[in-house]
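Taking it in order: structure first as structure tokens, then the write-up.
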Amino acid sequence: MLYIVPHICCVAVAVWISELNLTMNLSNGRGSMSTVTSGAAVKSADAVSDQFPAGLRVLVVDDDPTCLMILEKMLRTCLYEVTKCNTAEKALTLLRKNKNGFDIVISDVHMPDMDGFKLLEHIGLEMDLPVIMMSADDGKNVVMKGVTHGACDYLIKPVRIEALKNIWQHVVRKRKNEWRDTEQSGSAEEGDRQQKASDDADYSSSANESNWRNSKKRRDEEEEAEERDDTSTLKKPRVVWSVELHQQFVAAVDQLGIDKAVPKKILELMNVPGLTRENVASHLQKYRLYLRRLSGVSQHQNNMNSSFMNPQDATFGTISSINGIDLQTLAAAGQLPAQSLATLQAAGLGRSTPKAGLPMPIMDQRNLFSFENPRLRFSEGQQQQQHLSNSKPVNLLHGIPTNMEPKQLASLHQSSQPLGNMTVRVNASTQSNPLLMQMAQSQPRGHMLSENTGPHLPRLPSSLGQPSASNGTSNALMGRNGIAGSTRAPGYNPISQSSSMMNFPINQTTEMPISSFPLGSTPGISSITTKGSFQEEVTSGIKRAGGFVPNYDIFSELKKPLDWEVSNPSLTYNAASQHANPLHGNIDVSPSVLVQQSFSSNQQTGQSRDANTMIVKPIFSASESMEQGTLQNQHLNTLVTDNSIRVKTERIPDASSQTNFYPEHYGQEDLMSALLKQQEGIGPAENDFDFDGYSLDNVPV
Amino acid sequence: MDKVRLQREAAFIRSSLLDQGYLDEQFIQLEELQDNDNPNFVEEVVTLFYTDSARLIYNIDQALLSNPTDFTKLDDYMHQFKGSCSSIGAKKVKNECNGFGEYCEAQNYDGCFRTFQQIKQEYINLKKKLETYFQLLKEAA
Chain A
0 MLYIVPHICC
10 VAVAVWISEL
20 NLTMNLSNGR
30 GSMSTVTSGA
40 AVKSADAVSD
50 QFPAGLRVLV
60 VDDDPTCLMI
70 LEKMLRTCLY
80 EVTKCNTAEK
90 ALTLLRKNKN
100 GFDIVISDVH
110 MPDMDGFKLL
120 EHIGLEMDLP
130 VIMMSADDGK
140 NVVMKGVTHG
150 ACDYLIKPVR
160 IEALKNIWQH
170 VVRKRKNEWR
180 DTEQSGSAEE
190 GDRQQKASDD
200 ADYSSSANES
210 NWRNSKKRRD
220 EEEEAEERDD
230 TSTLKKPRVV
240 WSVELHQQFV
250 AAVDQLGIDK
260 AVPKKILELM
270 NVPGLTRENV
280 ASHLQKYRLY
290 LRRLSGVSQH
300 QNNMNSSFMN
310 PQDATFGTIS
320 SINGIDLQTL
330 AAAGQLPAQS
340 LATLQAAGLG
350 RSTPKAGLPM
360 PIMDQRNLFS
370 FENPRLRFSE
380 GQQQQQHLSN
390 SKPVNLLHGI
400 PTNMEPKQLA
410 SLHQSSQPLG
420 NMTVRVNAST
430 QSNPLLMQMA
440 QSQPRGHMLS
450 ENTGPHLPRL
460 PSSLGQPSAS
470 NGTSNALMGR
480 NGIAGSTRAP
490 GYNPISQSSS
500 MMNFPINQTT
510 EMPISSFPLG
520 STPGISSITT
530 KGSFQEEVTS
540 GIKRAGGFVP
550 NYDIFSELKK
560 PLDWEVSNPS
570 LTYNAASQHA
580 NPLHGNIDVS
590 PSVLVQQSFS
600 SNQQTGQSRD
610 ANTMIVKPIF
620 SASESMEQGT
630 LQNQHLNTLV
640 TDNSIRVKTE
650 RIPDASSQTN
660 FYPEHYGQED
670 LMSALLKQQE
680 GIGPAENDFD
690 FDGYSLDNVP
700 V
Chain B
0 MDKVRLQREA
10 AFIRSSLLDQ
20 GYLDEQFIQL
30 EELQDNDNPN
40 FVEEVVTLFY
50 TDSARLIYNI
60 DQALLSNPTD
70 FTKLDDYMHQ
80 FKGSCSSIGA
90 KKVKNECNGF
100 GEYCEAQNYD
110 GCFRTFQQIK
120 QEYINLKKKL
130 ETYFQLLKEA
140 A
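From first to last, the protein sequence lines stand for chains A and B.
Numbering-wise (numbering that gives the first Met the number 0), the first sequence opens with residue 0 and increments by one.
Numbering-wise (numbering that gives the first Met the number 0), the second sequence opens with residue 0 and increments by one.
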């Protein structure tokens, strides 16, 4: 199993690490959760995670007393702590007096004293809380406004309790993004972890949705707990399994042999001061699960790969060759997580990335797993790369939080096979899923997005152009998994394609998907992602202007829409999106654009994973948005609702620019407009992507 | 009074309101929210609705009387009214509001005026039925 690991791209590692960290975090600092006061049944400390999101402090603002009363009752039924306000002014006063007194705000759009969007802006600027907009108005323009003003969700009245049950995701996501933002160069584990969790969930079927959600929820809760560390009184120092640390760990395990690796010995080998045996033990446990999962997935991947490979053998060949190079470089480079991260981030920011840097990140990712058996990896990786490119992205992305760092993405590519089920978070982001779904749709099964890159690009349009065909399937798949595994292919393919693209220096759509991802996740918001703003959002933590704050590193890189655009002249996506080209046209553009974006910015590896997923989305959304209400959108929207992303029923399943959303939080947004908006700094609310492969708590070991 | 009979009568009214489209799924949502903490939740919400919406009806009436007609204001009031109606599940009333909105957009005063009379009619109609319904529920309890 260990040998398979190497091929697992960093994404997998990142995801796994983040998963671990999530778990670890779970055990720490949950005290804050125990202060739930919503009247939930008393739960044991162990069940802290179960308590969440109970106790979520919600401020609901609506001038309609009937609605207010109903909402209050519904929120209380969800075990939230509710405060009512019937004017925006009162709400602002309350918020200002009590800056940390609320977790999320739900506000009506039409209010007598102040426009809901203005309130939204105020809150975003002053308190930086997630805000959900509500209205009986389901017009696309209004929803779009919500997105552009930074609402993290948009509910259509009459609001159903089901829609309210999931609002906690926005809180978690936001915190994750924020945390991640500050952890840019930090471990991407958190995001990965979360993704991993999502991956674990069976996203391929709606039945699993709940599972996934539960696991995601758990992860989110952990995240939440982590986020609340400062407020928690039970905070314990958490071990942050950074990439470096994990590499040390893996090296130790490798040295001992996975079967003989016992925490005590690993600890000794690692020789990290401050690390306890317990830390290692729990990490080892997760690692084992992870490997198990990977091996299970790899089969899947292989199947997928073959399907992918066939039509595009040539393409793949190229990819593999590149990968091969990367692998070698990676091997030579040894551990490069930090570097790759930095590179990726730099890239993301629009700074030119040295060519060497490109492969590096990927390599780095690989190194995470591959340093154990570099040689072996290579050979396997070669084959796998191709597969990885195809399937990996899918898997990796599948469920991989958008926060995955480029490295992770790269590893995704490489280890796509082993990862197999690395669910790209895309799905997770609920919201982004719609986008993904779109992406998936656009790509007929077996068509890899990677085709989009450069030489592949021509293919993309065709593949993308078949959304209708694959929509149904992909949507279903995508919906569930974001980036479905190989079986889920339809949606998956596109993603994998993107991931493979990621590997290439060419800007693969990976970035795009990422960006789109977040967009997708938030209903209304995500739909806008097609635009540059979308990317903004995607980028991790960009959030502030109320836009998404994707956690992806890639996204952070994408964040600078300006940079992004500048650095990626080929980013036709933007152009395309702006011109609302026909679906096909967009597709062409988007993929390449996306790719470029993601590529230059991130270089991927971890990010690629996300990117793939992300790319998938944006492309779709872009095309979708362009299409404005194409059938696909409808499908997607529909599907989105079905998938785990939990599209809110209240959302307007508007084509193209609507949030299908994701949720993230998932509908079709007008990516382009969103992207554009992003550039203006008005991003949709945080995206669901919280792709943070290695980022964990800031708490140092 | 035979409580069982009253209960049956109340149930009958309820199902006919739902079947005939006077009320929709949202009303059921409200019923589901009712629990031991709020045993009369639905009735309270409906009462609140009728109290508050009376204000909106008045506003719309006034706006329709004023000259020149401010269609923007009309549309705004109607939007609020519609939102309220939808929140308690007043389906028929809400649907009538759609017509009003269209006339507003077309700045068709006559259309607005006539439609609004219909809206008020449905509104009062539903109110009576719901009053009877809640009364029966109380007596049947």
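Glycine is no exception: its CB is placed at the ideal position from the N, C-alpha and C atoms.
- Chain B has no Cβ within less than 8 Å of the Cβ of Ile166 of chain A.
- Collapsing the DSSP output to three states places Ser83 of chain B in a helix.
- Contact of Thr86 of chain A with chain B is not assigned, every C-beta pair being separated by 8 Å or more.
- Here Val59 of chain A is buried: its Cβ has 16 or more other Cβ atoms, across all protein chains shown, within 10 Å.
- The C-alpha of Asp180 of chain A lies about 12 Å from the C-alpha of Arg172 of chain A.
- Exclusion of the five residues before and after Lys91 of chain B leaves Gly20, Tyr21 and Glu121 as the residues of its chain whose Cβ lies within less than 6 Å of its Cβ.
- Looking at the DSSP output, Ala89 of chain B shares a beta bridge with B:Leu22.
- Within the same chain, no Cβ atom closer than 7 Å to the Cβ of Asp60 of chain B is found once the five residues on either side in sequence are excluded.
- Around the beta-carbon of Arg56 of chain A, 16 or more other beta-carbon atoms lie within 10 Å, marking it buried.
- The closest CA to that of Glu80 of chain A, considering only A:Arg95, A:Asn97, A:Arg174 and A:Phe101, is found on A:Phe101.
- For the options A:Leu70, A:Asn85 and A:Val242, the alpha carbon positioned closest to that of Pro157 of chain A is the one of A:Leu70.
- Closest in alpha carbon position to Tyr102 of chain B, among B:Cys84, B:Phe133, B:Thr68 and B:Arg4, is B:Thr68.
- Its chain contains Tyr49 as the residues whose beta carbon lies nearer than 8 Å to that of Lys126 of chain B, once the 5 sequence neighbours on both sides are disregarded; these appear in chain order.
- Contact residues of the region 76-103 of chain B toward chain A are His78, Gln79, Lys81, Gly82, Ser83, Ser85, Ser86, Ile87 and Gly88 (C-beta to C-beta distance below 8 Å).
- B:Lys128 is the residue among B:Lys137, B:Ser85, B:Lys128 and B:Ala140 whose C-alpha sits nearest the C-alpha of Ile12 of chain B.
- Per DSSP, reduced to three states, the secondary structure at Asp152 of chain A is strand.
- Taking the Cα of Gly98 of chain B as reference, the smallest distance to any Cα among B:Asp23, B:Cys111 and B:Leu64 is reached at B:Cys111.
- The DSSP-derived three-state label of Val3 of chain B is helix.
- From the listed residues A:Asp62, A:Glu125 and A:Leu78, the smallest Cα separation to Val108 of chain A is found for A:Asp62.
- Under the criterion of beta carbons closer than 8 Å, Gln25 of chain B and Gly88 of chain B qualify as touching, at roughly 3 Å.
- If you check each beta-carbon in the region 68-94 of chain A against every beta-carbon of chain B, the ones closer than 7 Å belong to Met68, Ile69, Lys72, Met73 and Thr76.
- Bridge partners of Met269 of chain A according to DSSP: none are assigned.
- Note: Cys84 of chain A is bridge-paired with A:Val60 in the DSSP secondary-structure output.
- Contact annotation: Leu135 of chain B and Pro64 of chain A have beta-carbon atoms that are not nearer than 8 Å.
- Identification of residues in the region 99-122 of chain A having a C-beta nearer than 7 Å to some C-beta of chain B yields His109, given in sequence order.
- Ser106 of chain A is bridged by DSSP to A:Val60 and A:Met132.
- DSSP places Cys77 of chain A in no alpha helix (DSSP H); its state is neither H nor E.
- Here Ile265 of chain A is buried, its C-beta having at least 16 other C-beta atoms within 10 Å.
- Under a criterion of Cβ atoms nearer than 9 Å, no residue of chain A is adjacent to Asn107 of chain B; the nearest Cβ is some 20 Å distant.
- Taking a C-beta distance under 8 Å as the contact criterion, Leu93 of chain A and Gly54 of chain A do not qualify as a contact pair.
- Counting along the chain, Trp240 of chain A sits inside no alpha helix (DSSP H), nor does DSSP assign it H or E at all.
- With a threshold of 16 other beta carbon atoms within 10 Å, Tyr76 of chain B meets it and is buried.
- Arg54 of chain B is classed as exposed because its beta carbon has fewer than 16 other beta carbons within 10 Å across all chains shown.
- Think of a sphere of 8 Å around the beta carbon of Cys66 of chain A: the chain B residues whose beta carbon falls inside it are Gly82, Ser83 and Ser86, in chain order.
- Listed by position along chain A, the residues whose Cβ is nearer than 7 Å to that of Gln28 of chain B are Arg159 and Ile160.
- Under the three-state reduction of DSSP output, Ser14 of chain B falls in the helix class.
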